[in-house]
Every structure is written in C-alpha cells, then in structure tokens.
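Enquirer: When you line the sequence shown up against the working numbering, it's residues 40 to 371, in that order.
Just so you know, even glycine gets a beta-carbon here, dropped at the ideal spot from N, CA and C.
Everything numeric in this text was worked out from a predicted model, so none of it was measured.
Dropping a structure here in structure tokens format, bear with me for questions.
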Amino acid sequence: MILNNHKEKSADLSLWALAAQKLMEEQKQTWSLLKNNYDGLAGVVVRDLEIDGINIVIQNNPVRIISTSADVSDATINKRPCFLCLNNLPAEQKALEYGKHYLILCNPYPIFEEHFTIVHKKHIPQNITANFDDMLDISEKLGFRFSLFYNGPRCGASAPDHLHFQAASKRILPIENDVLQLKKSDEKNIIRSDGLEITFIEEYLRFGFLLESDSKSELLQAFKLFIRSFKNISKPDEEPMVNIISLFEKERWQVFIFPRRLHRPKQYFAKGENQIVISPAAVDMGGLIVLPRQEDYEKIKSTDITDIYSQVTITKEYFEYLKNKFVAAYKA
Ligand SMILES: [Zn+2]
C-alpha cells in the first residue's frame, strides 16, 4: 500500500517535467529555427575553469547574442512588440498551459539542451515581490527535472515588461553542485530556524543567499524580509536588482538569491580589444558564463571573471547589511 502511494506520488511529481519534455520533442519536429538552434548546441564549446577553488564554466554560444546585447531601456521596450505576448509569438510556437496564469514555452535560443520560458498570460511587468509564491510553485512542479530562474527587470531579463521565468535541466549550473562547498565546516555562515536554513554565500566570487526549506510559508516570509531590506538600500521605485535560481528536490526547496548592484560590467561597454560582450543574469551568477562572441571566449581570463563578478554583485557593505537583517530575525 505504501509502495503504491509512493509510486503515485512519483508519477505526479514527474507530470509537468514530462509534459514539458514532450512539448520540446514536438517543437523540434515542427519548428525548424528551434530545431536548428538546439542541434547547434552540440557544437557549442564550453571550458571549465577553477578560480580560487571555485568552479566556473564558460560557454561560447552565438545564438545568445540577441539576449545578451538586448536594449532593455524603457524607450526601446515601450516601442517594440513584446515577444512574450501570446499574440506576438511565432506561428510555430506551441504552448503548454500551466495553471490559470502561465504558459510553458520552449526557448528557441537555448543555453541548455532543455530550455523553457514560463510566461504569464498577461503582459504584466517582471516583479518578484508579487510572484515569488508562483516561482516556488512552478519550481516544485517542474522540480523533478528542472531548475527555475528569475532575472530582475534591471539585471538580466530581456523582457522586463512581461513576467517570466526560465527553466533548464537541473545540476548544470555549477552552484547547484556546490551546496556543500558553500557551507563552512564551522557553520558560521549558516543560520537555522523553524525548518528554514539560510546559508550566506561568501568567498565565492559573488555574494548571495541560499534559502532551504520544505515549508513554502517559511520561504515566503524569509524572502519578504530579504526584499524589504534590500529595498531600503536600492533605488526607490524600482525592483531591487536580483537573480534567483530555485530547485525542488526531496520535498525541499533550495533557493539561491543573488543581489546585484550593476546590470552590465564595464567590459560590456568597452571598445575594441577590451570589450567582452557579457550580460550577467541568473545563469551566469550560477557559475555558467555565457559568451556569444568567440573572440571573448578565447581571450577571457580568470582575472576578468573575478573582476566582472565583483562589479555586478552587491557590495560587501550591503551584503553585510542584508545578512544582519536575517541574523536579527532568525538567530535565537
Ligand atoms: Zn508581453
């Protein structure tokens, strides 16, 4: 009997992941641009780097140039037809309906062999404060196979005006495999309270927080505290800059949060040989650095990567501020 229940549960857990995979298979048969771009991934080169004991992967991926170099200024965004709105999707694009409000789409410009965009049905702005709940829900439903990403409207989203998440196969981003490494052996960077565990991500080239729990309400509360505190030290009237990666495994969420201070590093705007076309988002903060230009892939050095992370991650001072907010709220 117990075995039976367990089986039913597993089947249920895999439901959305399998439906998404099926959609991808269908789209590869009916949409040649998408098929070509996924086939092209086989030829995409990657290189592993170790910087101060931290694993980084760099990927040279030409199809990402559109997203990496997207003009996300208000003026441009307001003028262009939104490419995530149902009416503007390519004729070949098919969608999987997720609940009342979302559609799961195959991303035609992939970084991963399985890469989806989960878009809200309405044209409403990218906003994590109001939609973190949905993010947890979707990452749970897709968690059998996929991780979910969120990019803030000012730090990586190429459609800041249309709420969306991305999903990709789990355990490809280096940070997802580094959880044990993130926790110091003396546990000085960990706090625990009521089934919630918070790890301060330090000494990792970029700052961040890892929230782990099997309780959605605990995560919602911790996130609320985080975003409210971050708002205090961010530009008024704008969402604080944040990238998020959420995984669901063994009935538990793992949520990586990267507070940012800058969208693009100075190398993006440099001219000639000094230019590196890079636009860090959740994937890059997770340790997979996407470089659309081959010349950048060839010339980028460990010191450039360290420098780029240090420019775009939150300052040490602000990180300490956010850390102290968690400590004050949770440490007994
Ligand atoms: Zn839209």
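#1: Tell me the rounded alpha-carbon separation between His201 and Ala109.
#2: Buried or exposed for Leu72, going by 16 or more other Cβ atoms inside 10 Å?
#3: May I have the straight-line CA-CA distance separating Gln165 from Lys310, to the nearest angstrom?
#4: Starting from Thr342, trace the alpha helix (DSSP H) both ways and give me its first and last residue.
#5: If contacts are defined as beta-carbon pairs under 8 Å, then Asp253 and Arg193 qualify, I think. What distance do you get, rounded to the angstrom?
#6: May I ask which residues mark the beginning and end of the alpha helix (DSSP H) holding Leu221?
#7: What do you reckon, are the CB atoms on Leu286 and Ser349 nearer than 7 Å?
#8: So Phe183 and Ser318 are in contact, right, with Cβ under 8 Å, and what is the actual spacing, rounded?
#9: According to DSSP, which residues form a beta bridge with Ser252?
#10: Buried or exposed: Arg210, going by 16 or more other Cβ atoms within 10 Å of its Cβ?
#11: Is it buried or exposed for Ala56, if we count other Cβ within 10 angstroms and need 16 for buried?
#12: Report the rounded CA-to-CA distance for Val329 versus Gln98, giving the unit in angstroms.
#13: The beta strand (DSSP E) spanning Leu327 covers which residue range?
#14: Between the Cα of Arg119 and the Cα atoms of Ala198, Ile237, Ala367 and Gln314, which residue gives the shortest distance?
#15: Cutting at 6 Å between CB atoms, please list the residues of its own chain near Ile41, excluding the five before and the five after it.
#16: Measure the Cβ-Cβ separation of Gly195 and Ala320 and say whether it is below 7 Å.
#17: Compute every distance between the C-beta of Cys124 and the non-hydrogen atoms of ligand 1, then say whether any falls below 6 Å.
#18: Give me the Cα-Cα distance between His45 and Glu312, rounded to the nearest whole angstrom.
#19: For Ala81, count the other beta carbons within 10 Å of its own beta carbon; 16 or more makes it buried, fewer makes it exposed. Which is it?
#20: Take every Cβ of the segment 125 to 134, pair it with every Cβ of the segment 331 to 347, and state whether three or more of those distances are shorter than 8 Å.
#21: For Asp323, report the span of its alpha helix (DSSP H) as first-last.
#22: Nearest-angstrom Cα distance between Phe204 and Val158?
#23: Applying the criterion that 16 or more other CB atoms from any shown protein chain within 10 Å of the CB defines a buried residue, is Lys5 buried or exposed?
#24: According to the neighbour-count rule (16 or more other Cβ atoms, all chains shown, within 10 Å of its Cβ), is Gly79 buried or exposed?
#25: What residue range does the beta strand (DSSP E) around Gln98 cover?
#26: Go ahead and label Ile93 buried or exposed: buried means 16 or more other beta carbons lie within 10 angstroms of its beta carbon, across all protein chains shown.
#27: Ser268: buried (16+ other C-beta within 10 angstroms of its C-beta) or exposed?
#28: In chain order, what residues of the same chain lie with their CB nearer than 8 Å to the CB of Leu125, ignoring the 5 residues before and after it?
#29: First and last residue of the beta strand (DSSP E) that includes Thr107?
#30: Could you pull out every residue in the same chain whose Cβ sits closer than 8 Å to the Cβ of Glu65, ignoring the five residues on either side in sequence?
#31: Taking DSSP as the reference, what is the three-state secondary structure of Ser178?
#32: If you follow the alpha helix (DSSP H) that Thr354 is part of, which residue opens it and which one closes it?
Expert: Straight from the coordinates:
#1: One C-alpha to the other measures close to 15 Å.
#2: exposed
#3: 31 Å
#4: For Thr342, the enclosing alpha helix (DSSP H) starts and ends at Ser341 to Val351.
#5: Incorrect: roughly 32 Å between the Cβ atoms, too far for contact.
#6: Val218 to Leu221
#7: No, Cβ-Cβ distance for Leu286 and Ser349 is not below 7 Å.
#8: Between the beta-carbon of Phe183 and that of Ser318 there is about 30 Å, and that puts the pair past the 8 Å contact cut.
#9: Leu235 and Trp292
#10: Exposed.
#11: buried
#12: 5 Å
#13: Annotation: the continuous beta strand (DSSP E) that includes Leu327 extends over Leu327 to Leu330.
#14: Considering only alpha carbons, the answer is Ala198.
#15: At Ile41 the pLDDT is 37, less than 50, meaning the model places this residue with poor confidence; the figure from the coordinates comes in the next sentence. Result list for Ile41: empty, nothing under 6 Å.
#16: yes
#17: yes
#18: Low per-residue confidence applies at His45: pLDDT is 44, beneath 50, and the placement is therefore not dependable enough to give any value.
#19: exposed
#20: Segments in contact, no.
#21: In the DSSP assignment, Asp323 falls within the unbroken alpha helix (DSSP H) covering Ala321 to Met324.
#22: 7 Å
#23: Outside the displayed range of the chain (40 to 371) lies residue 5, so it cannot be described from this structure.
#24: exposed
#25: Ile93 to Asn99
#26: buried
#27: So Ser268 counts as buried.
#28: Ala134, Leu142 and Lys160
#29: Careful: Thr107 lies outside any beta strand (DSSP E), inside the alpha helix (DSSP H) at Ile104 to Thr107.
#30: Lys133
#31: helix
#32: Looking at the DSSP string, Thr354 is not in any alpha helix (DSSP H), and its letter there is neither H nor E.
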